[in-house]
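What follows is a set of notes on a single structure, which appears directly below.
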Amino acid sequence: MEKIIGGIKHDCYPLTPAQMVHMYTLQLSPTHEIVNIGTGQFFQIEMNVSVLREALNRAIERCEAMRMRIWRDPETGELWQYIMPYRNQYFEYYDFSALTEEKAHSILEKWTSEPFDTYGGELSRVVIVSMPDGYNGYYFNVHHACEDSYSAITFTKDVLEIYCHLMYDLPAPAPRTSYIESVKKDLEYPNSKKAKRDEEFWHEKLAQPEPIYTDFTGPGRLMQLRKEMDNPNLRWGSLPTKDAAGATVTYSLDVESTDKIIDFAEKYNLPTSVVILHAIRTVLAKFNNENDITIRDFVSRRSTLLNKKCGGVRMHCLPLRTIIEPTATVLESMEIINKAQQDVFLHADYSTMKYYYEERMRYQYGAAGTYSSISFTYQPATRKSLIPYLKDIPFKSRWYCSGRQPQPFYITAMHRPGDGGLNFYFGYQKDSATPEEIEFLYYFTGRVLFRSIENPDKTVQEIMDMV
């Protein structure tokens with residue numbers, strides 16, 4: 010639909026359900042930096058700043074989503090999105106090489122806490138940076154309604170491939186696809202046959218007996234809530250939060266250990282995400298002495314070439330519920346998780362906000378009620394996806410917290426674009442978790458993960474007893 014914005018005519022489109030999740034988050038937050046995604050990509054090589062500027066400009070020109078704006082109609086309050094024409098930018102350069110690494114990162118963290126003008130302003134900021142110890146690259150901050158983590162990784166890969174093309178005459182990356190075409194398809198979904206099938210699937214799930222909350226620290230929080238509500242049969246939990254003040258803890262897995270996980274997944278024809286999810290749910294089962302585990306699974310909905318390369322935010326968050334007996338073997342457990350996750354993926358176009366409203370109506374839990382203490386997302390990568398020129402160069406990737414977190418507790422497993430090793434990012438609201446609790450969880454998850462791939466025929470109970 011055409012709209013006149015600032016005296017200029019634009020083709021405008023409604024926001025998608027994935028974007029509306031972040032608009033809802035903004036309504037509940039006193040400040041807008043809660044939806045910022047800050048990242049840093051740094052290689053231990055000298056980088057040509059002018060060539061990097063050109064690569065960044067070309068990457069933004071190729072990606073409609075990076076030029077998206079949100080407009081709120083002053084008369085109706087309706088939200089619309091549109092694409093700004095490409096405009097060449099001169100990206101600032103900051104030399105932090107003389108600082109300590111801690112001080113340099115603190116500056117980038119502070120930048121991430123600076124909110125965007127959600128309604129009309131630019132929704133991203135890119136700065137070229139030299140870091141201590143000879144690392145160079147760029148800092149990237151983006152509004153979550155503009156990009157999700159998958160898109161941020163895709164943008165990074167595009168920038169680096171363009172840089173290597175310009176600098177070393179490596180092949181140019183393939184063209185990006187149209188973000189607006191992806192938006193149009195999303196907006197056609199509610200009246201489609203697929204929407205009906207997805208609704209039937211999730212309504213079947215809601216017809217099942219009530220799930221049970223399993224906390225990443227054990228049963229203490231559920232027991233306390235049962236006591237406070239004088240209900241010994243209460244099954245939903247509530248992660249506390251006051252103002253969404255949050256932080257991020259990062260753990261990096263070495264390449265050799267990452268390769269063990271990938272090799273195992275390939276050997277048994279399983280997604281890498283399933284191998285990791287098996288470890289997380291087994292730890293929850295052990296800590297809570299419970300077989301019924303629910304994890305919020307973030308799905309980026311990028312099964313087509315259009316959606317893989319269009320950028321934007323396509324994340325939906327839906328429950329991954331599995332009931333696995335401790336007598337099941339590791340491989341049997343993983344197959345159950347794989348089947349459950351494939352079902353979620355198949356029906357992941359269903360609106361996140363609609364599902365959780367229906368879940369609350371079905372089970373009648375409180376306003377902050379939940380059955381999952383952990384949200385999880387995995388950003389896939391293959392060995393072939395690494396950029397050949399950069400794969401042996403020391404690389405640091407950093408995700409910065411804006412000081413607030415939209416989720417009480419979530420884990421993002423993501424491959425580093427330099428060497429392909431896994432980084433685990435634990436984002437948490439400070440009312441819900443502590444760094445010590447996260448370290449404890451990561452330690453046990455790692456032990457379960459590697460004991461499982463070393464002993465795929467042992468039972469889940471045997472793996473739990475090992476750790």
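Numbering-wise, the sequence shown is residues 10 to 476 according to the working numbering.
For every residue, glycine included, the Cβ atom is placed at its ideal position computed from N, Cα and C.
Best match in the options for proximity to residue i [C-alpha to C-alpha]
i           : options            : result
residue 317 : 166, 116, 412      : 166
residue 482 : 322, 113, 182, 30  : Because the chain here runs from 10 to 476, residue 482 falls outside it and cannot be looked at.
residue 19  : 53, 363, 77, 58    : 77
residue 72  : 127, 39, 49, 190   : 190
residue 352 : 366, 375, 327      : 327
residue 300 : 289, 276, 333, 269 : 333
residue 40  : 126, 177, 235      : 126
residue 270 : 389, 83, 474       : 389
residue 428 : 59, 410, 53        : 53
residue 62  : 268, 387, 136, 221 : 136
residue 354 : 418, 142, 210      : 210
residue 440 : 415, 431, 302, 458 : 415
residue 214 : 115, 420, 55, 371  : 371
residue 34  : 296, 361, 465      : 361
residue 421 : 435, 430, 409      : 435
residue 250 : 373, 443, 273, 164 : 443
residue 265 : 172, 295, 431, 356 : 431
residue 255 : 67, 121, 151       : 121
residue 119 : 413, 343, 465, 272 : 413
residue 57  : 458, 404, 173, 230 : 173
residue 408 : 248, 231, 149      : 149
residue 25  : 14, 197, 17        : 197
residue 257 : 11, 240, 446, 475  : 446
residue 342 : 387, 308, 366, 294 : 294
Beta bridge counterpart(s) of residue i as assigned by DSSP
i           : result
residue 12  : 19
residue 326 : 307
residue 424 : 431
residue 240 : Paired residues: none, contrary to the question.
residue 45  : 152
residue 256 : 437
residue 385 : 306, 420
residue 301 : 332
residue 134 : 150
residue 405 : 51
residue 261 : 432
residue 139 : 104, 145
residue 379 : 246
residue 338 : 468
Anticipated Cβ contact below 8 Å, residue i with residue j, distance rounded
i           : j           : result
residue 147 : residue 245 : Contact flag wrong, Cβ pair sits at about 43 Å.
residue 95  : residue 131 : Not really, about 13 Å apart at Cβ, beyond 8 Å.
residue 284 : residue 469 : At roughly 14 Å, the Cβ-Cβ gap does not stay under 8 Å, so residue 284 and residue 469 are not in contact.
residue 433 : residue 286 : In fact, because the Cβ distance is near 13 Å, the residues do not count as touching under 8 Å.
residue 113 : residue 100 : No, residue 113 and residue 100 are not in contact; Cβ-Cβ is about 17 Å, not under 8 Å.
residue 74  : residue 155 : 6 Å
residue 323 : residue 27  : 6 Å
residue 140 : residue 51  : 5 Å
residue 44  : residue 153 : 4 Å
residue 384 : residue 305 : 4 Å
residue 330 : residue 291 : About 15 Å separates the two Cβ atoms, so there is no contact after all.
residue 282 : residue 375 : Their Cβ separation, rounded to whole angstroms, is 30 Å, which puts residue 282 and residue 375 out of contact at 8 Å.
residue 187 : residue 321 : 10 Å between Cβ atoms; not a contact.
residue 358 : residue 207 : 6 Å
Distance, residue j Cα to residue i Cα
i           : j           : result
residue 32  : residue 463 : 44 Å
residue 158 : residue 48  : 10 Å
residue 201 : residue 117 : 44 Å
residue 180 : residue 170 : 8 Å
residue 102 : residue 138 : 6 Å
residue 406 : residue 424 : 10 Å
residue 88  : residue 80  : 6 Å
residue 438 : residue 411 : 11 Å
residue 227 : residue 296 : 5 Å
residue 42  : residue 289 : 29 Å
residue 142 : residue 219 : 53 Å
residue 222 : residue 273 : 30 Å
residue 466 : residue 192 : 45 Å
residue 335 : residue 473 : 9 Å
Neighbour flag for residue i against chain B, beta carbons, 8 Å
i           : result
residue 428 : Among the protein chains of the structure shown there is no chain B, as only one such chain exists.
Could you tell me which uninterrupted alpha helix (DSSP H) segments, each at least 4 residues in length, are contained entirely in the segment 171-250, listed from first to last along the chain?
188-197, 202-215, 229-237
Going along the chain, which unbroken runs of the alpha helix (DSSP H) with 4 or more residues stay wholly within the segment 24-102?
26-37, 58-71
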